[in-house]
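Peer 1:
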Amino acid sequence: PKEECQHAAICIEGTSRALVQSNTLENNSGIGIQVQDSACPTLERNTISAPNLPAIRFAGKSSGTIRNNTLTSKGKHALVVSGDASPSIEKTSGKKRPAIPLSDQA
24 PKEECQHAAI CIEGTSRALV QSNTLENNSG IGIQVQDSAC PTLERNTISA
74 PNLPAIRFAG KSSGTIRNNT LTSKGKHALV VSGDASPSIE KTSGKKRPAI
124 PLSDQA
């Protein structure tokens with residue numbers, strides 16, 4: 024796997040259209056869910072905590088839907104969207120301010 028995926032509890036890459044729902048990922052040493060390349064998953068009803076890194080990170084040209092998730096991170100942000108990534112974010116709560124940074128062309 025790519026470098027970023029080696030540090031994630033769940034990694035979705037390539038052109039995957041995975042459905043990731045109703046999971047609890049607690050105290051991950053890395054990113055909870057990493058989405059990259061041109062992947063387009065649906066992330067729904069997950070509870071994710073990451074001590075130092077984002078709970079969810081979308082990168083590359085990824086897209087998809089983040090819906091009804093609870094994200095916690097003691098790091099800089101709970102959800103990171105970077106590069107040309109363009110997810111739809113719906114009814115998601117983050118316990119970190121700012122919870123959702125958007126950078127580059129996101």
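Throughout, our numbering is defined as the position within the sequence shown, counted from one, plus 23. Where is the CB? At the ideal position from N, CA and C, for every residue including glycine. Nothing here was measured: the structure is a model prediction, and the numbers come from that model.
Scan the region 70-108 and note each continuous beta strand (DSSP E) run of 3 residues or more that stays entirely inside, going in chain order.
Peer 2: Counting only runs of 3 or more, we get 70-73, 79-81, 86-90, 93-96 and 102-104.
Peer 1: What separation, rounded to the nearest whole angstrom, lies between the Cα atoms of Ser109 and Lys84?
Peer 2: Rounded to whole angstroms, Ser109 to Lys84 spans 7 Å at the Cα level.
Peer 1: According to DSSP, simplified to helix, strand and coil, what is Cys63?
Peer 2: Three-state result, Cys63: coil.
Peer 1: Given a cut-off of 7 Å, decide if Ser72 and Glu49 are closer than it, judged by their beta-carbon atoms.
Peer 2: Yes, the Cβ-Cβ distance between Glu49 and Ser72 is below 7 Å.
Peer 1: Just the Cα atoms here: how many angstroms apart are Ala101 and Ile56?
Peer 2: The alpha-carbon atoms of Ala101 and Ile56 are separated by roughly 11 Å.
Peer 1: Using only the alpha-carbon positions, how far apart do Ala32 and Phe81 sit?
Peer 2: Rounded to whole angstroms, Ala32 to Phe81 spans 14 Å at the Cα level.
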